[in-house]
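In UniProt numbering, the protein residues as written are 1 to 129.
As structure tokens, this is what we get:
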């Protein structure tokens with residue numbers, strides 16, 4: 001599946017239309033302009049299926065966020081690993097050692113990179129009164 005997507009992307013990039021595409025046009029088309037939701041949801045479904053095929057686990061970000069919350073509680077001395085829910089979802093490892101943790105870090109990194117490329121990130125100091 002990824003091979004097909006890569007092949008389509010490469011063929012588009014090598015086409016004559018793409019040779020005349022400037023960075024500004026690419027940025028406007030792919031990073032700034034809103035995408036139609038239906039193709040994005042279909043693509044997310046296909047990627048989720050592919051993710052399941054590679055990792056053998058489902059695409060579940062909410063459970064990983066809950067694990068992060070449990071680990072933050074552990075930093076403050078709370079024994080969250082003894083709670084029933086955390087026994088069920090296995091509060092083990094770190095976000096860097098779990099597949100879902102790396103996926104979420106990658107999602108954050110990708111979102112931040114896209115926002116930077118689209119000039120949608122503005123770091124400002126609050127005005128003092």
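The beta-carbon is built from N, C-alpha and C at its ideal position, and this holds for glycine as well. Source: prediction; values computed, not measured.
Query raised in the report: When burial is assigned at 16 or more other CB atoms within 10 Å of the CB, is residue 123 buried or exposed?
Result: Residue environment analysis places residue 123 among the exposed positions, since fewer than 16 neighbouring C-beta atoms fall within 10 angstroms of its C-beta.
Query raised in the report: Does the segment 99–112 come within contact of the segment 54–64, defined as at least 3 CB pairs closer than 8 Å?
Result: Under the Cβ criterion (8 Å, minimum of three pairs), the segment 99–112 counts as touching the segment 54–64.
Query - Which of helix, strand or coil DSSP assigns to residue 27 - result: Per DSSP, reduced to three states, the secondary structure at residue 27 is helical.
**Report entry** Three-state secondary structure (DSSP) of residue 92
**Finding:** Taken through DSSP and simplified to helix, strand or coil, residue 92 comes out as coil.
Query - Helix, strand or coil at residue 33 [DSSP, three-state] - result: Coil.
Query raised in the report: At which residue ranges does the segment 77–122 contain complete alpha helix (DSSP H) runs of 4 or more residues, listed in the order of the chain?
Result: If we require 4 residues or more, the alpha helix (DSSP H) runs fully inside the segment 77–122 come out as 84–89 and 99–117.
Query raised in the report: What residue range is occupied by the uninterrupted alpha helix (DSSP H) comprising residue 68?
Result: DSSP places residue 68 in the uninterrupted alpha helix (DSSP H) bounded by 61–75.
Requested in this report: Mark residue 96 as exposed unless 16 or more other C-beta atoms lie within 10 angstroms of its C-beta, in which case mark it buried.
Outcome: Classification of residue 96: exposed, given that the 10 Å Cβ count is below 16.
Report task. Below 6 Å CB to CB, which residues in the same chain sit around residue 81 once its five sequence neighbours on both sides are set aside? Result -> The residues are 91.
Requested in this report: Report buried or exposed for residue 129, applying the criterion of at least 16 other Cβ atoms within 10 angstroms of its Cβ.
Outcome: It is exposed - the Cβ of residue 129 has fewer than 16 other Cβ atoms within 10 Å.
Query raised in the report: Excluding five sequence neighbours on each side, which residues of the same chain lie with their C-beta closer than 6 Å to the C-beta of residue 157?
Result: Since the displayed the chain opens at 1 and closes at 129, residue 157 lies outside it and no answer follows.
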